[in-house]
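Visitor: Protein chains in written order, with my numbering: chain V, 1 to 363; chain L, 364 to 726.
Ideal Cβ positions, reconstructed from N, Cα and C, are used throughout, including at glycine.
There are 2 protein chains.
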Amino acid sequence: MKEQELLAALVETAKVLNDTLEVQEVLRRIIEEAKTLTGAAAGSVFLVDEATGDLVFYTTSGGADARLLQTVRVPMEGSIAGEVARTGKPLRVNHPERHPFFFRDVEEKTGFHTENLIAVPLEHRGKILGVAEVLNKPGGFTEKDVEVLSTLAEFAAIALQNARLYERQRRLFHESIRALVAAVDARDPYTAGHSERVAQYVEWMVRGMDLTPRERATFVLSALLHDIGKISIPDRILLKEGRLTEEEFRIMQTHPEKGVEILKHVRDLADVLPGVLHHHERWDGRGYPFRLSGEKIPLQARVIALADTYDALTTDRPYRKGLPPDRALKILEEDAGSHFDPRLTPLFTNMMRTRLGLGHEEG
Amino acid sequence: MKEQELLAALVETAKVLNDTLEVQEVLRRIIEEAKTLTGAAAGSVFLVDEATGDLVFYTTSGGADARLLQTVRVPMEGSIAGEVARTGKPLRVNHPERHPFFFRDVEEKTGFHTENLIAVPLEHRGKILGVAEVLNKPGGFTEKDVEVLSTLAEFAAIALQNARLYERQRRLFHESIRALVAAVDARDPYTAGHSERVAQYVEWMVRGMDLTPRERATFVLSALLHDIGKISIPDRILLKEGRLTEEEFRIMQTHPEKGVEILKHVRDLADVLPGVLHHHERWDGRGYPFRLSGEKIPLQARVIALADTYDALTTDRPYRKGLPPDRALKILEEDAGSHFDPRLTPLFTNMMRTRLGLGHEEG
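1. Which residues of chain V have a Cβ atom closer than 9 Å to the Cβ of Leu543 of chain L, listed in chain order?
2. So with CB distances below 8 Å, who are the chain V contacts of Asn525 of chain L?
3. Kindly indicate the opening and closing residues of the alpha helix (DSSP H) around Val374 of chain L.
4. Looking only at its own chain, which residues have a Cβ that is under 7 Å from the Cβ of Ile331 of chain V, when we skip the five neighbours before and after it?
5. Which residues in chain V sit within 8 Å of Glu366 of chain L, going by Cβ to Cβ distance?
6. When you compare the segment 260-267 of chain V with the segment 536-556 of chain L, are there three or more beta-carbon pairs, one atom per stretch, that lie closer than 8 Å?
7. Could you give the distance in angstroms between the alpha-carbon of Ile507 of chain L and the alpha-carbon of Leu454 of chain L?
8. Are Asn116 of chain V and Gly88 of chain V touching if we call contact CB-CB under 7 Å?
9. What whole-angstrom Cβ distance do Gly78 of chain V and Leu135 of chain V have, given they're in contact under 8 Å?
10. I'd like to check one pair, Arg392 of chain L with Leu380 of chain L: are the Cβ atoms closer than 7 Å?
11. Rounded to whole angstroms, what's the CA-CA distance from Ala199 of chain V to Asp335 of chain V? Just pull it up for me.
12. Using a C-beta cutoff of 7 Å, does Phe57 of chain V count as contacting chain L?
13. If you measure from the beta carbon of Val266 of chain V to each beta carbon in chain L, is any gap under 7 Å?
14. List the residues that DSSP assigns as beta-bridge partners of Glu620 of chain L.
15. Using a C-beta to C-beta distance shorter than 9 Å, which residues of chain L count as neighbours of Glu203 of chain V?
16. Identify whether Tyr682 of chain L lies in helix, strand or coil by the three-state DSSP scheme.
17. Below 8 Å on the Cβ atoms is my contact criterion, and I expect Glu281 of chain V with Leu269 of chain V to pass it. Report the Cβ-Cβ distance as a whole number of Å.
18. Along the chain, where does the alpha helix (DSSP H) that runs through Gly82 of chain V open and close?
19. Strictly under 7 Å for the Cβ-Cβ distance: is Pro727 of chain L near chain V by that measure?
20. Can you list, in chain order, the residues of its chain whose CB lies under 6 Å from that of Gly363 of chain V, leaving out five sequence neighbours each side?
21. Under the rule that 16 or more other beta-carbon atoms within 10 Å means buried, what is Leu221 of chain V, buried or exposed?
22. Roughly how many angstroms lie between the CA atoms of Leu149 of chain V and Leu306 of chain V, to the nearest whole one?
23. How would you list, in chain order, the residues of chain L whose beta-carbon sits under 8 Å from the beta-carbon of Ile331 of chain V?
24. Does the beta carbon of Leu7 of chain V come closer than 7 Å to any beta carbon on chain L?
25. Less than 7 Å separating the beta-carbons of Phe101 of chain V and Val74 of chain V?
26. Would you mind sorting Arg302 of chain V into buried or exposed? The rule is 16 or more other CB atoms within 10 Å of its CB.
27. Taking 6 Å as the limit between beta carbons, can you name the residues of its chain near Ile297 of chain V, skipping five residues before and five after?
28. Could you compute how far the alpha carbon of Thr399 of chain L sits from the alpha carbon of Gln367 of chain L?
29. With three or more C-beta pairs closer than 8 Å as the rule, is the segment 609-616 of chain L touching the segment 151-165 of chain V?
30. Can you list the alpha helix (DSSP H) stretches of 4 or more residues lying completely in the segment 626-704 of chain L, in chain order?
31. What does Val11 of chain V touch in chain L if you count any residue whose Cβ is under 7 Å from its own?
32. Does the Cβ of Gln433 of chain L have 16 or more other Cβ atoms within 10 Å, making it buried, or fewer, making it exposed?
33. Compile a chain-ordered list of the residues in the segment 103-123 of chain V whose CB is closer than 9 Å to at least one CB of chain L.
Rendered as structure tokens:
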């Protein structure tokens with residue numbers, strides 16, 4: 001490519017690399033863009049693992065819709081990528097098998113034969129995040145290729161760092177919510193782990209439903225938070241071993257509304273409130289708090305009701321042992337059309353039977 | 364600039380725009396880079412406000428360390444920026460005062476006279492986020508300038524979108540934690556709002572301390588979470604109106620360790636654990652849980668201890684009314700060197716007097 005075409009291509013590359021905040025997708029794009037810009041047959045990224053001090057090796061499958069593959073680890077000492085990561089300087093190598101730092105493990109594990117390569121550091125604000133490599137250009141790589149790959153590496157490091165910061169922030173939110181929800185559940189030894197399990201069942205369920213990725217995430221988060229209102233239920237009712245009085249039962253039944261009270265000021269949790277508020281509604285309209293029936297009950301609440309009831313049935317309670325899974329699933333099926341959405345119920349019970357390795361019911 | 368120089372400059376611009384995840388900083392950089400690349404005297408960004416349907420106008424102060432300024436709002440109808448936002452097409456205008464959509468309010472409010480301008484849409488995946496404008500180029504803008512600004516706008520929209528996603532995720536975390544902490548505090552009507560207030564006092568305090576921005580954020584988050592272990596304290600102890608027995612008191616005093624139990628699996632909360640665990644230690648070593656003394660108590664815990672005690676003293680309890688602020692601050696000062704860090708105490712009490720508009724004590 002001519003200088004001007006190269007620069008125009010780099011401008012496009014900058015857009016491609018930055019237009020995602022998923023780390024895995026950034027890595028995939030770095031490799032594909034590096035191959036295209038330098039005319040290389042293959043590419044890879046090595047990321048510094050700060051815990052172990054070695055490098056994690058990523059490459060892509062060939063073809064138009066190349067997927068990211070993670071294979072071996074490479075030591076910092078005695079490898080070309082390690083040398084680049086330690087010195088922060090690019091390397092262009094035409095006979096890698098003669099290079100003192102050539103690390104044979106990768107070739108042995110991938111069955112790939114390296115003819116020639118360039119490796120450049122991925123450096124962000126003075127810190128080496130890893131190394132980008134391109135391999136096997138017919139006729140060998142030029143100094144111009146080193147320059148182009150180095151420019152790409154500058155964008156790449158920024159895009160990678162942004163995606164890492166975003167994923168860390170996402171993980172912080174999810175882990176914190178799970179920790180706090182687990183603590184609320186654990187007030188009652190009989191419900192310890194309940195919300196986490198309900199969220200897991202809902203996560204399995206939504207994979208088989210026609211929903212957007214965003215809707216799926218919302219349903220799972222709503223399942224995790226569905227009982228958060230129990231924070232506001234006093235111990236004398238929440239933990240009572242005997243039968244609740246009518247008044248106590250009424251207070252217990254306020255937990256969906258208390259949950260909404262707690263979460264309603266969080267702007268970006270608005271989407272999960274339907275599940276929190278309506279997970280005790282029943283298909284026949286005899287649930288609470290609003291006696292909604294049928295499809296007036298939000299879909300996420302109908303899904304959570306199945307998972308919530310399944311978990312309640314299968315775990316021990318003060319007054320009875322938990323039921324075996326197959327028995328609990330039959331109860332859900334018996335209550336399809338009265339308690340539960342009759343269309344969703346078989347989807348849920350069949351999914352659970354598959355997950356649990358149980359035989360399916362005959363239609 | 365020549366084509367090649369321009370492209371090289373655009374490559375640099377792509378790096379500059381993407382190397383931050385703060386929305387305000389992205390806007391500032393868009394404006395400064397747009398001015399530099401086109402040779403304009405001024406620049407601005409208009410962001411679509413989805414709630415109101417109009418445009419929010421941002422510009423920068425002049426000079427090398429230009430700051431971002433937010434001034435007027437501009438209607439979608441009857442303004443040049445609005446026209447660009449609605450059609451998604453760039454505009455180059457040489458006599459804006461003759462343009463049917465020229466919106467005079469901005470000029471009147473800023474005292475700026477527009478000679479000529481280009482406005483291009485900030486579009487991300489088919490959605491118009493806003494408009495970037497450059498103003499007043501001697502001799503007028505060329506079609507090449509429109510092309511350059513349009514390329515910049517493509518990066519700019521990606522950078523803006525990434526920063527928005529990041530800030531939304533950060534806000535979601537903070538708002539969710541505050542909502543859940545508030546619900547835990549509210550189990551006891553006498554501690555409703557306690558953690559939020561303690562976090563506020565700590566936020567004021569850390570502004571005057573020699574800490575990194577990250578440390579400041581950690582101290583405030585630790586203050587917000589310091590009593591989270593109270594989730595695990597039974598109502599009969601937490602809400603007891605009379606004096607606690609020795610056994611009840613021992614259980615109450617486990618709340619710092621219970622807090623660590625809850626949060627310890629959240630990888631990125633490790634930094635806040637010292638404040639949670641040690642906020643009831645005393646400078647003289649007579650606190651709990653570990654009877655640490657002096658500087659062995661982590662700094663964040665010594666800061667939280669002051670804010671925590673101040674809030675406890677100034678709010679009503681079952682057995683007494685809350686003290687007036689000046690009285691509570693004097694108690695903290697009397698306890699400097701016994702309960703509290705003697706160096707931090709006057710910093711805290713003087714800061715609080717300033718914030719509350721009270722007179723300062725004579726040294």
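Guide: Based on what the coordinates show:
1. Ser176, Ile177, Leu180, Val181, Val184, Ile228, Ile231, Ile262, Leu263
2. Asn18, Leu21, Asn162, Tyr166
3. 366-381
4. Leu313
5. Gln4
6. Yes, they touch.
7. According to the sequence shown, residue 507 of chain L is Lys rather than Ile. So the two alpha carbons sit approximately 13 Å from each other.
8. It is not a contact, given that the beta carbons lie outside the stated cut-off.
9. So it is not a contact: roughly 19 Å between Cβ atoms.
10. yes
11. 21 Å
12. no
13. yes
14. Its beta-bridge partners do not exist; DSSP assigns none.
15. Under the 9 Å cutoff, chain L gives no residues; its nearest Cβ is about 19 Å from Glu203 of chain V.
16. coil
17. Approximately 20 Å separates the beta-carbon atoms of Glu281 of chain V and Leu269 of chain V; this is outside 8 Å, ruling out the contact.
18. 80-87
19. Chain L is shown from 364 up to 726; residue 727 of chain L falls before or after that span and cannot be answered.
20. For Gly363 of chain V, the predicted model reports a pLDDT of 47, less than 50, meaning its position is unreliable and no value from the coordinates is stated.
21. buried
22. 53 Å
23. Ordered by position in chain L, no residue passes the 8 Å Cβ test against Ile331 of chain V, which lies about 32 Å from the chain.
24. yes
25. no
26. buried
27. These residues qualify, in order along the chain: His278, Glu281.
28. 16 Å
29. no
30. 636-641, 662-677, 688-697
31. Within chain L, the residues near Val11 of chain V are Leu370, Leu373, Val374, Ala377, Thr514.
32. exposed
33. Against chain L - using a Cβ distance shorter than 9 Å - the segment 103-123 of chain V contributes no residues.
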